[in-house]
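Right, one structure below, let's go through it.
Number of protein chains: 2
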Amino acid sequence: MKTADKEALKRKTNAKISRPEFFNIAISVDCVIFGYAKKELQVLLIKSNRKEFSELYSLPGDLVRPDEDLDTAPYRVLKEKTGMDDVFLEQVQAFGAIDRHPSGRVITIAYYSLIDILHHKLQLSDNDLHWHSVKNINQLAFDHKLILDTCIHKLKEQIMDHPLVFNLLPEKFSLRELQDVYEAIINITLDRRNFRKMISLKKWLLDLNELEINTPRRPGKLYKLKKEYSSFNGQKKK
Amino acid sequence: MKTADKEALKRKTNAKISRPEFFNIAISVDCVIFGYAKKELQVLLIKSNRKEFSELYSLPGDLVRPDEDLDTAPYRVLKEKTGMDDVFLEQVQAFGAIDRHPSGRVITIAYYSLIDILHHKLQLSDNDLHWHSVKNINQLAFDHKLILDTCIHKLKEQIMDHPLVFNLLPEKFSLRELQDVYEAIINITLDRRNFRKMISLKKWLLDLNELEINTPRRPGKLYKLKKEYSSFNGQKKK
DNA sequence: TCAAAAGTGTTGACTTTACACCCATGA
DNA sequence: TCATGGGTGTAAAGTCAACACTTTTGA
Numbered sequence: 001m002k003t004a005d006k007e008a009l010k011r012k013t014n015a016k017i018s019r020p021e022f023f024n025i026a027i028s029v030d031c032v033i034f035g036y037a038k039k040e041l042q043v044l045l046i047k048s049n050r051k052e053f054s055e056l057y058s059l060p061g062d063l064v065r066p067d068e069d070l071d072t073a074p075y076r077v078l079k080e081k082t083g084m085d086d087v088f089l090e091q092v093q094a095f096g097a098i099d100r101h102p103s104g105r106v107i108t109i110a111y112y113s114l115i116d117i118l119h120h121k122l123q124l125s126d127n128d129l130h131w132h133s134v135k136n137i138n139q140l141a142f143d144h145k146l147i148l149d150t151c152i153h154k155l156k157e158q159i160m161d162h163p164l165v166f167n168l169l170p171e172k173f174s175l176r177e178l179q180d181v182y183e184a185i186i187n188i189t190l191d192r193r194n195f196r197k198m199i200s201l202k203k204w205l206l207d208l209n210e211l212e213i214n215t216p217r218r219p220g221k222l223y224k225l226k227k228e229y230s231s232f233n234g235q236k237k238k
Numbered sequence: 001m002k003t004a005d006k007e008a009l010k011r012k013t014n015a016k017i018s019r020p021e022f023f024n025i026a027i028s029v030d031c032v033i034f035g036y037a038k039k040e041l042q043v044l045l046i047k048s049n050r051k052e053f054s055e056l057y058s059l060p061g062d063l064v065r066p067d068e069d070l071d072t073a074p075y076r077v078l079k080e081k082t083g084m085d086d087v088f089l090e091q092v093q094a095f096g097a098i099d100r101h102p103s104g105r106v107i108t109i110a111y112y113s114l115i116d117i118l119h120h121k122l123q124l125s126d127n128d129l130h131w132h133s134v135k136n137i138n139q140l141a142f143d144h145k146l147i148l149d150t151c152i153h154k155l156k157e158q159i160m161d162h163p164l165v166f167n168l169l170p171e172k173f174s175l176r177e178l179q180d181v182y183e184a185i186i187n188i189t190l191d192r193r194n195f196r197k198m199i200s201l202k203k204w205l206l207d208l209n210e211l212e213i214n215t216p217r218r219p220g221k222l223y224k225l226k227k228e229y230s231s232f233n234g235q236k237k238k
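In order, the protein sequences belong to chains Z and B.
Heads up: the first sequence is residues 1 to 238, going by my numbering.
Heads up: the second sequence is residues 1 to 238, going by my numbering.
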């Protein structure tokens, strides 16, 4: 290509990027915030405030601000909605069908997060924010059911290879609780001995030499995740 | 929340979505188009036409049009640049650091694609478009090196579980060629017998009972991917 | 003392890895 | 006939899945 052609192309590109119609797409982030309670995987939903979706729930999200990195937007949403930071949060996928949003063109980038529902810092900011068992969710506003299903799928794929589910539990937990979480996510009951063998091979856990207290039956031993595997302060580890 | 509050929130949201500064973010797609030649994984790059990145290469991409689905944009780019459709193409990740683009706020969504460099339909549309061996790429314009590395990582993760690499080869190929492609991607030499056993366990291939022709040595048997595993005409299969 | 959950090992099936020789072809 | 790569099987190690009994505790 000759230099003159390149200059023409550059002008063309710059013209395109500054033409107003190419800024007619808004960008949002939507957060699939998972928790664990009542032996079931839960997700945080908010009552939709749009008349098109009255009576439907939707995922918490917000538009990305022009002055924030894409990846910080979901942390902001999470902090605003739950008061939590230092949480596991990972990008999943962008969703951008033309008609996914009734009030205009909005491309959204989905993130999923895992938090401990009983964490002392957790404070839902909104009366319309509630935990829902994922099993009971049939319909959501926008394309949020598709987003949720995509995130559940990714979660299932990752939990065997990465130390993620610990983010759903308090710092100290028993192997029984841990197994319950795994079973809730993959929806399969596991053999207790094989599960313990699998977990112990990962070398993720520290035996605290403590026992559960106030259990109705024989208490189990307590463990915690080794510090080097915690999901925040950096990236997730293998 | 009371109804009046909800109405207020709705107005607030609608106001935000239509305030011009929230459309100040442009959306692009960037395509990491992989090919295979000279026993190495190749990627299609274009000479950057921006003075900030003179002499650097970049990934082919374009702004998403307001009237196209997000996922069709990379197909359009691919068709424009290579003349190819019916190709494997999958979304990888969105990249959205504030300063990733020198001329303004652009969030990009990366896709990766696998094509047969020797396909008869392949026709590079631009004299500045060329194949580069991924081994030799140290620096790219924008954050494209990061995008490329992310896509290579995803490719490596997927090739053992999904019938993807066949998209890099002509319809008929020998097991030797197939093994070469795998080795080029994962950068490890494999044992021939174990490789063949692994591939035959997947049941992806159809034995054509044909032999290579015009080989300098003993010709190998030819295979092709079973139709039900081809990546286009629907989603990738397990 | 009873009920309930905690804790713990072994076996067989299968998968993965390492490894070497003969065969068919083109030159 | 020779050089080159094509084609093939087995044994050992490791991983995965199935399976039952004893122990500890609270009630």
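Where is the CB? At the ideal position from N, CA and C, for every residue including glycine.
Being a predicted model, the structure only gives us computed values, none of them experimental.
Beta bridge counterpart(s) of residue i as assigned by DSSP
i        : result
B:Lys224 : B:Leu206
B:Ala107 : One point to set straight first is that residue 107 of chain B is Ile, not Ala, in the sequence displayed. The partner list for B:Ile107 (beta bridge, DSSP) reads B:Ile27.
Z:Asp143 : Bridge partners of Z:Asp143: none, in fact.
B:Ile137 : B:Ile137 pairs with nothing; no bridge assigned.
B:Gly96  : B:Gly96 pairs with nothing; no bridge assigned.
Z:Glu68  : Z:Glu68 is not bridged to any residue.
B:Glu90  : B:Tyr112
Z:His119 : Answer by DSSP bridge pairing: none, since Z:His119 is not bridged.
Z:Leu124 : Paired residue(s): none; Z:Leu124 is not in a bridge.
With 16 other Cβ atoms within 10 Å as the buried cut-off, status of residue i
i        : result
Z:Gln123 : exposed
Z:Asn136 : exposed
B:His153 : exposed
B:Glu55  : exposed
Z:Phe232 : exposed
Z:Glu52  : exposed
B:Ser58  : buried
B:Arg105 : buried
B:Asn167 : buried
B:Leu178 : buried
Z:Gln139 : exposed
Z:Thr189 : exposed
Z:Pro219 : exposed
B:Glu7   : Residue confidence is low: B:Glu7 scores 47 on pLDDT, short of 50, so the model does not pin down where it sits. No coordinate-derived value is stated.
Z:Ile213 : exposed
Z:Thr108 : buried
Short CB-CB distance (under 8 Å) between residue i and chain Z
i        : result
B:Ile27  : yes
B:Gly61  : no
B:Ala184 : no
B:Asp30  : no
B:Gly96  : yes
B:Leu148 : no
C-beta neighbour in chain B for residue i, strict 8 Å
i        : result
Z:Asn24  : yes
Z:Lys221 : no
Z:Gln91  : yes
Z:Ile109 : yes
Z:Asn77  : The sequence given here has Val at residue 77 of chain Z, not Asn. Chain B, which has no Cβ nearer than 8 Å to the Cβ of Z:Val77, makes this no.
Z:Lys238 : Caution is warranted here: a pLDDT of 39 is assigned to Z:Lys238, below 50, making its placement in the model unreliable, and the coordinate value is therefore given only provisionally. No, because no Cβ of chain B sits closer than 8 Å to the Cβ of Z:Lys238.
Z:Leu129 : no
Other residues of its chain near residue i: CB distance less than 7 Å, five sequence neighbours each side excluded
i        : result
Z:Gln93  : Ala110 and Thr150
Z:Leu118 : Pro170
B:Ile46  : Tyr57, Ser58, Pro60, Asp126, Asp128 and Leu129
Where the alpha helix (DSSP H) containing residue i begins and where it ends
i        : result
B:Lys81  : Ala73 to Thr82
Z:Glu183 : Leu175 to Ile186
N-terminal and C-terminal residue of the beta strand (DSSP E) that residue i is part of
i        : result
B:Leu56  : No beta strand (DSSP E) contains B:Leu56, which DSSP labels as neither H nor E.
B:Glu171 : First-last for B:Glu171: undefined, no H or E at that position.
B:Lys47  : Glu40 to Lys47
B:Asp62  : Gly61 to Leu63
6 Å Cβ shell around residue i - same chain, five flanking residues per side excluded
i        : result
Z:Pro102 : Glu52
Z:Ala73  : Val29 and Val64
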